[in-house]
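Step one of this worksheet: look at the structure below.
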Amino acid sequence: MRPKWKLQTSEPPDLGPLTDESLAALRSLAKYKPEPEPCPDSIPAFRRAAVLLGLFGGRHGDLYVVLSKRAAQLRSHSGDTAIPGGRFEAKDHDLEETACGLPMDSRRVQKLCELEPFLSANELVVTPIVVLLIDPLIKPSLNPNEVDALFSLPFKAFLTHNPAQALRAQLKLPLVPSAKDLEDMPRNEVSEPSDWHTCRDILWLGGHRVRRHTFWDSRNPVRGLTSDILIHAASIAYGTKPDFSLDAPGQLSQAELIKLAFLGPMAVKKRRVRPRMTMLPQPMDDDNHGATKEDSSSSTSSSEGTSTQTDDSPKSKL
3 MRPKWKLQTS
13 EPPDLGPLTD
23 ESLAALRSLA
33 KYKPEPEPCP
43 DSIPAFRRAA
53 VLLGLFGGRH
63 GDLYVVLSKR
73 AAQLRSHSGD
83 TAIPGGRFEA
93 KDHDLEETAC
103 GLPMDSRRVQ
113 KLCELEPFLS
123 ANELVVTPIV
133 VLLIDPLIKP
143 SLNPNEVDAL
153 FSLPFKAFLT
163 HNPAQALRAQ
173 LKLPLVPSAK
183 DLEDMPRNEV
193 SEPSDWHTCR
203 DILWLGGHRV
213 RRHTFWDSRN
223 PVRGLTSDIL
233 IHAASIAYGT
243 KPDFSLDAPG
253 QLSQAELIKL
263 AFLGPMAVKK
273 RRVRPRMTML
283 PQPMDDDNHG
293 ATKEDSSSST
303 SSSEGTSTQT
313 DDSPKSKL
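Under the numbering used here, the very last position in the sequence shown is 320; numbers go up by exactly one each time.
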């Protein structure tokens, strides 16, 4: 049985080694209040999930985010990069416990905020819980049936299309991408070529166009729902929008997508929902008529839809 504990919500402590920018980012997150959930009474508990977005200070005072690589034998999204978490369980008191069903001392971990819920490809309503990992000696205890590895990436990297040289070094990217590196990347017609960030558009829930983003970490790409959550959280923290084209023309908000999935003729009340997505052979903006096709080999149930750790498998422990 998982330990029962509550995270304390308050201003981040004086951590010393963090840069002024990192401290300001934590304060912005601690002050953040999400918009009300669009239709809470229409979402059954078995279609809810939560993830734990854990931040910590790197050796130079920059913020990093903890991510996991899902085990290869999992039945859904195996091998994908995920934010740790899981489905709501009957024994969970609330979504915070769903995300934080981990043997951590609350004195070593501090809750900063909750974010607005996101809709996953399998139409789970996923609530991110953002926390600060205060104690650098916290040791992960991985369930090998669920998680192959934990790793971390600079939090600010999810706001940039072509990282600056200092950030490229942290991402272990070459200081200058070669022509071959750029040629080998999936085609990206919305922005200039990049060896870090690409995007493509999908049609979802009755043909609504949604832009999906991929960040090409050398250990494991970050994509789909995981990317969406990280972009949103970093935008709040650093008080700026990403420097790439975030949304497709006319893209619905997460709240609007959730209402489509749970209210009206599109609603499906089953526990499990197959992804209702189709891939487009681009991304391109409506005025970009000369776009060429991106690699369209991904299936509709691929990790372009969701990469958070929200299936029925046991939660990883940190």
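All C-beta atoms in this analysis are idealised placements derived from N, C-alpha and C, irrespective of residue type, glycine included.
Bear in mind the structure is a predicted one, so any value in this text is a computation, not a measurement.
Item                                                                                           : Value
Span of the alpha helix (DSSP H) around histidine 234                                          : 226-240
Inter-residue spacing [alpha-carbon to alpha-carbon] between arginine 273 and leucine 28       : 36 Å
Residues near alanine 263 in its chain [Cβ-Cβ closer than 7 Å; skip 5 each side]               : Leu121, Glu125, Leu207, Ala269
Residues near glycine 63 by beta carbon distance below 8 Å, same chain, minus five either side : Pro19, Leu20, Thr21, Ser24
Per-residue DSSP class, three states only, for isoleucine 85                                   : coil
Closer than 7 Å: glutamine 172 CB and nearest the ligand NAP heavy atom                        : Of the ligands one can find in the structure shown there are none, so the ligand NAP has no counterpart to examine.
Residue from Trp198, Leu54, Arg61 with nearest C-alpha to valine 224                           : Trp198
Chain C contact for cysteine 115 (CB, 8 Å cutoff)                                              : You won't find chain C in this structure, because it holds only one protein chain.
Residue range of the alpha helix (DSSP H) that includes isoleucine 131                         : Looking at the DSSP string, isoleucine 131 is not in any alpha helix (DSSP H); the run it does join, the beta strand (DSSP E), is 127-135.
Residue span of the beta strand (DSSP E) that contains aspartate 203, given as start and end   : 199-206
Helix, strand or coil at glycine 252 [DSSP, three-state]                                       : coil
Backbone CA spacing between leucine 248 and leucine 227 [nearest angstrom]                     : 13 Å
Counterpart residues of serine 366 in DSSP-defined beta bridges                                : Residue 366 lies beyond the residue range present for the chain, which begins at 3 and ends at 320; the question has no answer from this structure.
Glycine 266 versus leucine 259 - alpha carbon distance                                         : 12 Å
Option nearest alanine 26 by Cα separation, candidates Pro119, Lys271, Ala239                  : Ala239
Beta carbon of proline 251 nearer than 8 Å to that of arginine 211                             : yes
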